[in-house]
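Enquirer: Numbering (my numbering), first residue to last: 10 to 196. For every residue, glycine included, the Cβ atom is placed at its ideal position computed from N, Cα and C. Can you keep this structure in mind? I'll have questions shortly.
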Amino acid sequence: MSEDELTFCGECGNEIDGEYFIGPKGKPWCNKCAKKAAGKCSICKKTLLGAGEVLHVGGQAFHKNCFKCNMCGAPIIGEFKRKKNAIADKKKREKVGDTEFICMDCCPLFEEFEIQDFKQKQTGRGPSLDDLGSGEERTCCECGSTFTGEYKKKKDLMPDKKSKKKCKDDEYVCMDCAPMLMATVQW
């Protein structure tokens with residue numbers, strides 16, 4: 010092979026043996042330099058080189074197949090919201106990564122439960138975020154009715170430590186019975 014037939018990388022200057030890529034200025038690039046320039050997917054951390062469609066969001070790049078809703082798992086097409094921007098609780102928001110997104114179909118439900126979770130922390134009542142999507146029904150320990158939505162833990166309604174210790178962690182009171190129970194235990 011003559012020196013005229015050798016191909017050198019337009020980025021690092023190393024000799025290219027085999028396949029090469031054409032860089033931004035039309036010069037050949039070696040595989041290593043092309044991968045470095047292409048970057049990595051912010052979710053799967055694999056190279057974006059040869060990925061076909063690459064999505065760019067706020068300085069981050071993603072494989073199209075990696076860019077999915079963190080709630081339903083469907084690929085995000087169209088509008089979306091960063092998960093951390095839909096969280097009401099500041100401490101909780103700080104723990105959520107920049108690569109978590111929610112599609113607009115799931116966003117209203119997620120935001121509603123986030124608001125309820127925030128209210129629960131403030132007031133001691135409301136559905137927990139652990140219930141999100143589970144549709145978990147609870148049974149009121151006072152009237153026996155099955156319900157979803159707002160509740161109070163019986164333990165939280167007791168006036169003293171002795172009464173609280175007698176209650177189980179999984180005893181729930183519906184919002185119809187909570188005021189009556191509170192009035193009764195105060196006597």
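Compute the Euclidean distance between the alpha carbons of E88 and A97, then round it to the nearest angstrom.
Expert: Working through the sequence shown from its first residue, we reach residue 88 at position 79. Working through the sequence shown from its first residue, we reach residue 97 at position 88. Rounded to the nearest angstrom, the two C-alpha atoms are 20 Å apart.
Enquirer: Taking Cβ to Cβ, would you say N79 is nearer than 8 Å to K92?
Expert: The residue given as residue 79 occupies position 70 in the sequence shown. The residue given as residue 92 occupies position 83 in the sequence shown. Against a cut-off of 8 Å, the Cβ pair of K92 and N79 comes out as a contact.
Enquirer: Just list the residues that DSSP pairs Y181 with in beta bridges.
Expert: Looking up residue 181 in the sequence shown gives position 172. According to DSSP, which records beta bridges pairwise, Y181 is partnered with C149, K162.
Enquirer: With respect to the beta strand (DSSP E) encompassing K90, which residues constitute its N-terminal and C-terminal limits?
Expert: In the sequence shown, residue 90 corresponds to position 81, counting from 1. Looking at the DSSP string, the run of the beta strand (DSSP E) that includes K90 is 89-91.
Enquirer: Exposed or buried, which one is D126 when buried takes at least 16 other CB atoms within 10 Å?
Expert: Position 117 of the sequence shown, counted from the first residue, corresponds to residue 126. Buried, since its Cβ has 16 or more Cβ neighbours within 10 Å.
Enquirer: Cα separation between I111 and Y160?
Expert: Indexing the sequence shown from 1 puts residue 111 at position 102. Indexing the sequence shown from 1 puts residue 160 at position 151. Going by the C-alpha atoms only, they are around 27 Å apart.
Enquirer: What do you get for G19, buried or exposed, if any count of 16 or more other CB atoms within 10 angstroms of its CB means buried?
Expert: Indexing the sequence shown from 1 puts residue 19 at position 10. It counts as buried.
Enquirer: Going along the chain, which residues of its own chain have a beta-carbon closer than 8 Å to the beta-carbon of K55, five neighbours each way excluded?
Expert: As a working note, residue 55 is residue 46 in the sequence shown. Hits under 8 Å: K49, H72.
Enquirer: Can you check DSSP and say which residues form a bridge with V63?
Expert: Counting from 1 along the sequence shown, the entry for residue 63 is found at position 54. Its beta-bridge partners are H72.
Enquirer: Do the CB positions of C81 and C115 come within less than 8 Å of each other?
Expert: In the sequence shown, residue 81 corresponds to position 72, counting from 1. In the sequence shown, residue 115 corresponds to position 106, counting from 1. A contact, by the Cβ cut-off of 8 Å.
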